[in-house]
Amino acid sequence: MGCTLSAEERAALDRSKAIEKNLKEDGVTAAKDVKLLLLGAGESGKSTIVKQMKIIHEDGFSGDDVKQYKPVVYSNTIQSLAAIVRAMDTLGLEYGDKERKVIRLLIIPHTCHHRYAHLHLMTLTWTPSPP
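Quick note on numbering: the sequence shown equals residues 569 to 699 in my numbering.
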């Protein structure tokens with residue numbers, strides 16, 4: 569009397585153990601998850617951080633992802649280099665090679681159009697000078 573469990577109590581105990589096991593497994597899985605809240609102004613690089621994390625910690629980008637992001641990467645590169653060129657003018661910073669100052673005059677008018685043909689000019693501007 570009272571020393572054994574009924575069939576219903578045994579089933580309830582088994583269900584309880586299964587639920588506890590699932591909760592424990594879910595807790596272990598959740599402990600491995602990292603949640604990150606990225607705050608920042610528009611165009612401040614929040615999505616870029618997420619993409620970099622995907623490249624580093626997952627399998628990288630699929631072929632379709634590469635096709636989709638390629639124009640964005642080119643556009644960001646062009647905009648960034650144009651901003652640096654403008655800032656150098658504003659701050660009165662000199663180029664190491666005087667010829668590059670002339671090349672930069674060819675870059676700025678075309679950056680608003682994001683023409684990839686002008687990437688060669690940017691490469692000439694930023695490639696290190698030979699010693």
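We put the beta carbon where it would ideally sit given N, CA and C, even for glycine.
Can you tell me where the alpha helix (DSSP H) holding residue i begins and where it ends?
{"i": "V640", "result": "G631 to L659"}
{"i": "L591", "result": "A575 to K600"}
For the putative contact between residue i and residue j, defined by C-beta atoms under 8 Å, what is the C-beta separation to the nearest angstrom?
{"i": "Y642", "j": "F629", "result": "Not quite, the Cβ-Cβ distance comes to about 15 Å (not below 8 Å), so this is no contact."}
{"i": "D617", "j": "L606", "result": "According to the sequence displayed, residue 617 carries Ile and not Asp. Going by Cβ atoms, the distance from I617 to L606 rounds to 6 Å, so yes, they are a contact pair."}
{"i": "L581", "j": "L591", "result": "Between L591 and L581 the Cβ distance is about 16 Å, and since that is not below 8 Å, they are no contact."}
Excluding the 5 residues preceding and the 5 following residue i in the sequence, name in chain order all residues of the same chain whose CB lies nearer than 6 Å to its CB.
{"i": "M569", "result": "At M569, the pLDDT of 49 sits below 50, so the modelled position is not reliable; the number obtained from the coordinates is stated separately. Counting only Cβ-Cβ distances below 6 Å, and skipping sequence neighbours, we find nothing."}
With DSSP run on the structure shown, which of helix, strand or coil describes residue i?
{"i": "M569", "result": "Only weak support is given to the placement of M569: the predicted model assigns it a pLDDT of 49, under 50, and the value that follows is read from those uncertain coordinates. The answer is coil: DSSP assigns M569 none of H, G, I, E or B."}
{"i": "S615", "result": "helix"}
{"i": "K603", "result": "coil"}
{"i": "T695", "result": "coil"}
{"i": "E662", "result": "coil"}
{"i": "E667", "result": "helix"}
What do you reckon, are the CB atoms on residue i and residue j nearer than 7 Å?
{"i": "V653", "j": "R672", "result": "yes"}
{"i": "K614", "j": "G608", "result": "yes"}
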